[in-house]
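Peer 1:
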Amino acid sequence: MRFSLLIIISATLAGCSIKTDEEDKNEETRGYFERKNVAPDPADNARLPRKVEHTFARIALDCINKQYPNKISHVLTSRNDVAEPSKLTPVFYGCFDWHSAVHGHWLLTRLWGQNSVADMDSEIEAALDANFTADKIKGEVAYFSNEDRKAFERPYGIAWFLQLTAELKEISVGETEKAEKAQLWLGRLRPLETIITDRINDWVPKLAYPIRLGTHNQSAFAFGLFLDWARISGNVGMEKLIVDKSLAFHRADKNCPLSYEPSGEDFLSPCLMEADLMRRIMPQQEFAAWLTTFLPNIPKDGSGDWLAIGVVNDPTDGKLVHLDGVNLSRAWALQGIASALPQDDPRVGALIASANLHGNAGEKSVSTPHYSGSHWLASFATYLRTQRGISSQNTQVAPAPVPTRPSADSE
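Residue numbers (UniProt numbering): 1 to 411.
1. Would you check if the stretch 212-223 and the stretch 172-184 touch, i.e. whether three or more CB-CB distances between them fall below 8 angstroms?
2. Between the C-alpha atoms of residue 370 and residue 189, what's the straight-line distance to the nearest angstrom?
3. Report all residues from its chain with a CB closer than 8 angstroms to the CB of residue 67; omit the five preceding and five following residues, and keep chain order.
4. Note down the Cα distance separating residue 109 from residue 321, rounded to an integer number of angstroms.
5. Can you tell me where the alpha helix (DSSP H) with residue 63 in it begins and where it stops?
6. Please return the same chain residues whose Cβ sits closer than 7 angstroms to the Cβ of residue 318, not counting the five positions on each side in sequence.
7. Between residue 201 and residue 105, what straight-line distance do the alpha-carbon atoms span, to the nearest angstrom?
8. Which two residues bound the contiguous alpha helix (DSSP H) that contains residue 271?
9. Is it buried or exposed, residue 365, if we count other Cβ atoms within 10 angstroms and call 16 or more buried?
10. Tell me where the alpha helix (DSSP H) around residue 337 begins and ends.
11. Could you give the residue range of the alpha helix (DSSP H) that holds residue 249?
12. Would DSSP call residue 73 helix, strand or coil?
13. Within the chosen definition, does the stretch 349-367 reach the stretch 321-336 through at least 3 CB pairs nearer than 8 angstroms?
14. Can you find the residues in the same chain that come closer than 6 angstroms, C-beta to C-beta, to residue 191, ignoring five residues on each side of it along the sequence?
15. Using the three-state DSSP reduction, which class does residue 181 fall into: helix, strand or coil?
16. Quick check: what's the CA-CA separation for residue 24 versus residue 314?
17. May I have the straight-line CA-CA distance separating residue 27 from residue 51, to the nearest angstrom?
18. By the three-class DSSP mapping on this structure, what secondary structure does residue 29 have?
19. Name the residue from 143, 255 and 185 whose alpha carbon lies nearest to the alpha carbon of residue 81.
20. Pairs of beta-carbons, one from the stretch 237-254 and one from the stretch 289-298, closer than 8 angstroms: are there three or more?
21. What residue range is occupied by the uninterrupted alpha helix (DSSP H) comprising residue 211?
22. For residue 151, count the other beta carbons within 10 Å of its own beta carbon; 16 or more makes it buried, fewer makes it exposed. Which is it?
23. Let me make sure I understand the geometry here. Which of 328, 345 and 294 has the alpha-carbon closest to that of residue 302?
24. Counting along the chain, where does the alpha helix (DSSP H) carrying residue 220 start and finish?
25. Is the separation between the beta-carbon of residue 374 and that of residue 124 shorter than 8 angstroms?
26. Are the CB atoms of residue 102 and residue 54 nearer to each other than 8 angstroms?
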């Protein structure tokens, strides 16, 4: 019940508050969840406005097999390694780079599995079926098996890959047609999953320091997804590894310089992603006390403007457009942090209010016509809108219902 109430509140005020023109005109569906006072139910999909989710799905469908332009992070070991991206990594070659191709596939899997775009299910399933073939996955395995590529897409890309297989594991439970299809794809992807988890188990113990960047190499974001995968998969060894290393890295951290953020090309907040990781690990009261030391300046008045929204001055610039992503990832981190605090914690209102502001700003950027942003921002928006990071499987304690203070952009 407590988790359901959180979804009602934060999905309504943070995720579902970003309105399209069609939604604004549709009095029948606007505020549907508020009137029913229930959490979203897949059976209600036909009655709900789905334009935004359709947009996200269409972006991914148009992207996952789009080979060029392409940025490869490729170690050449011989002249035989000179090849097109689709020959090097036959599944994940679109969307400009490997990690974006991976989370593009995750986006489609998430919306398909959540029944969010039911009228697109057959198209999505066909696209995934065409890419998750045994032969194509063998190509991915062969690429990863090269010892000179041990650090390929570590940690960001491999974290998204584990998010993809975690999604499939959740869908595969049961005897539905989608569950059977997810089981099939998951079985084919398992050899690559095994290589990746073996690499993580080898790398994490050797990592002497956390990687406190706002871009791909950041360790806190990746550790959060590693941990979510481990709990969904029932992998106790991986869970213990990530929990122990996270506590060793971060338990004593204090006064994180949030005022120094963001850097000019960030798409992940080092401070907020660390807090979003630690709320997965610490019991509620311990986390609340740790947060007081780590981020002592979170307001207690419910205000939302205490954290300035990231500004993008040129959406055609592939690095500057990262700031659109930082707005989306901040929003989901702020929601996650709020979900792990006691219901009556005075900081919750400000966390949710800031999440609303950042989420609204971030979602407005998703439909950019510029490929520099469009090839990846929809995945971030889907992660936020569907509250992927907050679930009974990957939260240390049951999230508490939170009081909210609607932003000016909210309904």
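C-beta atoms are modelled at their ideal positions from N, C-alpha and C, and glycine is treated no differently.
Just so you know, these numbers come straight off a predicted model, no measurement behind them.
Peer 2: Considering the structure as presented:
1. With a cut-off of 8 angstroms, the stretch 212-223 and the stretch 172-184 do not count as touching, because too few Cβ pairs lie within range.
2. The straight-line gap separating the alpha-carbon atoms of residue 370 and residue 189 is approximately 31 angstroms.
3. So the qualifying residues of the chain are 84, 85, 86, 93 and 94.
4. A straight line joining the alpha-carbon of residue 109 with that of residue 321 spans about 25 angstroms.
5. From DSSP, the alpha helix (DSSP H) with residue 63 extends over 51-63.
6. Within the same chain, residue 318 has close Cβ partners 372.
7. It is roughly 24 angstroms from the alpha-carbon of residue 201 to the alpha-carbon of residue 105.
8. Unbroken alpha helix (DSSP H) run through residue 271: 270-278.
9. Buried.
10. Unbroken alpha helix (DSSP H) run through residue 337: 322-339.
11. From DSSP, the alpha helix (DSSP H) with residue 249 extends over 236-250.
12. In the displayed model, residue 73 falls within coil according to three-state DSSP, outside both helix and strand.
13. Touching, yes, given that three or more Cβ pairs across the two stretches are closer than 8 angstroms.
14. Apart from sequence neighbours up to five positions away, the residues of its chain that approach residue 191 with a beta-carbon distance below 6 angstroms are 141, ordered along the chain.
15. Secondary structure at residue 181: helix, using DSSP grouped into helix, strand and coil.
16. Any reading at residue 24 must be qualified, since the residue scores a pLDDT of 40, below 50, and its modelled position is unreliable; the value itself is stated next. For residue 24 and residue 314, the distance between alpha carbons rounds to 29 angstroms.
17. Low per-residue confidence applies at residue 27: pLDDT is 34, beneath 50, and the placement is therefore not dependable, though the value from the model is reported in the following sentence. Straight-line Cα distance between these residues: approximately 15 angstroms.
18. Residue placement at residue 29 is flagged as unreliable, the pLDDT there being 27, under the threshold of 50; a coordinate-derived value is accordingly withheld.
19. For residue 81, the closest of 143, 255 and 185 by C-alpha to C-alpha distance is 143.
20. Yes, the stretch 237-254 is in contact with the stretch 289-298.
21. Segment: none, residue 211 is in no alpha helix (DSSP H) and carries neither H nor E.
22. Exposed.
23. Here the closest residue by C-alpha is 345.
24. In the DSSP assignment, residue 220 falls within the unbroken alpha helix (DSSP H) covering 219-233.
25. No; because the gap between Cβ atoms is not below 8 angstroms, this pair is not in contact.
26. No. Outside cutoff.
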